[in-house]
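S.K.:
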Amino acid sequence: MKHVCRSLAGALRVVSLGLVLAGVSLTSIAYAQGKDVVVFAAASLKNALDDINAAWEKETGKKAVISYAASNALAKQIEAGAPADIFFSADLDWMDYLASKNLIQPQTRLNLLGNSIVLVAPKDSTVQVSVAQGFDLAAVLGQGRLAMGNVDAVPAGKYGKAALEKLGAWNGVKDKVAQAESVRAALLLVSRGEAPLGIVYRTDAASDPNVKIVGEFPQDSHPPIIYPVALLKASAKPDAQAFLTYMRSAKARPFFDKQGFTFINKPVSGS
Numbered sequence: 005m006k007h008v009c010r011s012l013a014g015a016l017r018v019v020s021l022g023l024v025l026a027g028v029s030l031t032s033i034a035y036a037q038g039k040d041v042v043v044f045a046a047a048s049l050k051n052a053l054d055d056i057n058a059a060w061e062k063e064t065g066k067k068a069v070i071s072y073a074a075s076n077a078l079a080k081q082i083e084a085g086a087p088a089d090i091f092f093s094a095d096l097d098w099m100d101y102l103a104s105k106n107l108i109q110p111q112t113r114l115n116l117l118g119n120s121i122v123l124v125a126p127k128d129s130t131v132q133v134s135v136a137q138g139f140d141l142a143a144v145l146g147q148g149r150l151a152m153g154n155v156d157a158v159p160a161g162k163y164g165k166a167a168l169e170k171l172g173a174w175n176g177v178k179d180k181v182a183q184a185e186s187v188r189a190a191l192l193l194v195s196r197g198e199a200p201l202g203i204v205y206r207t208d209a210a211s212d213p214n215v216k217i218v219g220e221f222p223q224d225s226h227p228p229i230i231y232p233v234a235l236l237k238a239s240a241k242p243d244a245q246a247f248l249t250y251m252r253s254a255k256a257r258p259f260f261d262k263q264g265f266t267f268i269n270k271p272v273s274g275s
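Sequential numbering of the sequence shown, starting at 5, is according to the working numbering.
1. Where are the beta strand (DSSP E) runs, 3 residues long or more, that stay fully inside the segment 70-146, in chain order?
2. Look up F267 in the DSSP assignment and give the residues it is bridged to.
3. In whole angstroms, what separates the C-alpha of L96 from that of Q147?
4. Using 8 Å for Cβ pairs, my map puts M152 next to A190. What's the rounded Cβ distance?
5. Is it the case that the segment 113-127 contacts the segment 74-83, given that we only count it when at least three CB pairs across the two stretches are under 8 Å?
6. Hey, would you say A209 sits closer than 8 Å to V122, going by beta carbons?
7. Could you please give me the residues that DSSP links to G153 through a beta bridge?
8. Below 8 Å on the Cβ atoms is my guess for R206 versus G264; work out the distance and round it to an integer in Å.
9. In terms of residues, what are the limits of the beta strand (DSSP E) holding P232?
10. Assuming T112 contacts L248 (C-beta within less than 8 Å), just tell me the rounded distance between them.
11. Which residues bound the beta strand (DSSP E) around A46?
12. Which residue wins for smallest C-alpha separation from G161, given the options D224, A143, D179, I203?
13. Inspect the beta-carbon positions of K170 and A142 and report whether they are closer than 8 Å.
14. Between the segment 229-236 and the segment 90-105, do three or more beta carbon pairs fall short of 8 Å?
15. May I ask which residues mark the beginning and end of the alpha helix (DSSP H) holding G161?
16. With a threshold of 6 Å on Cβ separation, who are the neighbours of Y72 within its own chain once the five nearest residues in sequence on each side are excluded?
17. Should K80 be listed as close to the ligand NAD, given that the test is whether its C-beta is under 7 Å from any heavy atom?
18. By DSSP's criteria, Y205 is part of a beta bridge. Which residues make up the other side?
19. Using the beta-carbon count (16 or more within 10 Å), is F259 buried or exposed?
20. Report the option in A77, Q137, V131, L102 whose CA atom is closest to the CA atom of H226.
Listed below in structure tokens is the structure:
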């Protein structure tokens, strides 16, 4: 029995740490579970969703508790039983993952946004890069590191690696990559001057005045960047559907447009 208690305590500490790293505490989620809508959203959505949440609260008197982190981390937390009502992913893979586990309400799923990836540098950098087939990114980096989200799990990192492979630049930089736990963490490395270059979403570059875009990746160099959103199977809050409806409304669109997202708002076929 003591062994079981110790194991349970250890598991709870792991879940607690994961949720804190995702930007929301167990206490706030437990409180929200009985009152507010809980949204698990990709880190790159923070600026737009914070504004949308504020507008929704002003209009309705209700609010959402939003936890931001890499989509892979949030999906794994949902799989582990973390209480949430809505999942807003930065790629299709992690929404498909939860769908395969029967953890979303498929009829509510839609592809809401699109995005693009860019190469960023600190705002005072003089670097300019022509991102094209065969470009020598390694030479531009020199002894510096390339900040990216984890290339095996974080959507922005996966898109970035795919683009570099397609353009023939990956082998030259793969040993110079500083992998971060989310795209916003990668952005921060560049913003602080700890990395001379980074690959992030265009919307991330727009959110940080301490970086600037120095190169743009061709749209055909990587899979389409699509942000799906859905209600989770465990959610029974009427306000969750209301917030999802608000996010796809004409009232929310200007906040997404402001950050540079492409507004798709297309239900998934067959859902």
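Glycine included, C-beta positions come from ideal geometry on N, C-alpha and C. Only a predicted model underlies this, so the values are computations on that prediction, with no experimental measurement involved.
M.R.: Taking the geometry as given:
1. 90-92, 114-118, 121-126
2. L117
3. 35 Å
4. The pair is a contact, with the Cβ atoms about 5 Å apart (cut-off 8 Å).
5. no
6. yes
7. Answer is A184.
8. 5 Å
9. 230-235
10. With 8 Å as the limit, T112 and L248 qualify as a contact, their Cβ atoms being about 7 Å apart.
11. 41-46
12. I203
13. Note that the C-beta distance between K170 and A142 is not below 8 Å.
14. Short answer: they touch.
15. Its alpha helix (DSSP H) spans residues 159-170.
16. G27, A45, A47, K50
17. Of ligands this structure carries none, so the ligand NAD is not represented either.
18. I121
19. buried
20. Q137
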